[in-house]
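The number in the numbering used here is simply the position in the sequence shown, starting from 1, with 67 added. Quick reminder that beta carbons are idealized off the backbone N, C-alpha and C, glycines included. Because the structure is a prediction, the values reported are computed rather than measured. What follows is a set of notes on a single structure, which appears directly below.
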Amino acid sequence: MTGAETAYGQGGQGVFSTIVVALDGSGTAERGLPLATALSRRDGAKVVLVHVQQLITAAGTVVPVQPDEERIQAHLRELTEGLRDEGIEASLEIRTMALGGAARSIAEVTDEVEADLIIVGTQGHSAMGIMFLGSVTQRLLQTADQPVLVVPAERG
């Protein structure tokens, strides 16, 4: 058996032991949750939801980029509890960074929890609207040591 076969679940082991799902509070980002749930059930993997609260300085005050940050975090706690209610070992990691640090924070959490897959959606509502759509995903593809599974936005 080759190293790749062992690493990717040949020989009776599940492919993934810990899966990170990066979420920004948008429905598009959440499109990766059903896939993470299915992989978790198949492999017995833990699921770690990761959210990065990005901050900017405005009028001398540091504020979240997303004005509904409290609602987003409450929703993510509910999602985590819902996964647990479904019998999935799930946790939530929330980090706070200056604008532009989300990909690095997600990669750091992924390393800390020893995840072997990152699931991320494209075109969520990231900072500064259209200008940054997909930028976190793009940077994550460049910086993460783990495979990154990108779930596209729904077409329509």
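Review point. Does the separation of the CB atoms of Val115 and Leu159 fall below 9 Å?
Key: Counted from its first residue, the sequence shown places residue 115 at position 48. Counted from its first residue, the sequence shown places residue 159 at position 92. In contact: Val115 and Leu159 (Cβ atoms closer than 9 Å).
Review point. My guess is that Val180 and Val88 are in contact by the Cβ rule of under 8 Å, so how many angstroms apart are they, rounded?
Key: In the sequence shown, the residue the question calls residue 180 occupies position 113. In the sequence shown, the residue the question calls residue 88 occupies position 21. About 12 Å separates the beta carbons of Val180 and Val88, which is beyond the 8 Å limit, so they are not a contact pair.
Check your understanding: DSSP state of Gly149, grouped into three classes?
Key -> Position 82 of the sequence shown, counted from the first residue, corresponds to residue 149. Correct three-state label for Gly149: helix.
Exercise for review: Between the Cα of Gln121 and those of Arg98, Thr147, Ala170, spot the shortest distance and give me the residue it belongs to.
Suggested key: As a working note, residue 121 is residue 54 in the sequence shown. For the residues Arg98, Thr147, Ala170, the minimum Cα distance to Gln121 belongs to Ala170.
Check your understanding: Just reading off the beta strand (DSSP E) that Arg206 is part of, what are its end residues?
Key -> Sequence index remark: in the sequence shown, residue 206 carries index 139 (1-based). That residue, Arg206, is in no beta strand (DSSP E); its alpha helix (DSSP H) goes 202–210.
Practice item. Determine the extent of the beta strand (DSSP E) in which Ile173 is found, giving its start and end residues. Key: Indexing the sequence shown from 1 puts residue 173 at position 106. Run containing Ile173: none in the beta strand (DSSP E); it sits in the alpha helix (DSSP H), 169–179.
Review point. Across which residues does DSSP place Gly188 in a beta bridge pair?
Key: As a working mapping, residue 188 is identified with position 121 in the sequence shown. Gly188 is bridged by DSSP to Val218.
Review point. Are Ile185 and Ala174 close, meaning C-beta to C-beta below 9 Å?
Key: The sequence position of residue 185 within the sequence shown is 118, counting from 1. The sequence position of residue 174 within the sequence shown is 107, counting from 1. Taking the C-beta atoms as reference points, Ala174 is found nearer than 9 Å to Ile185.
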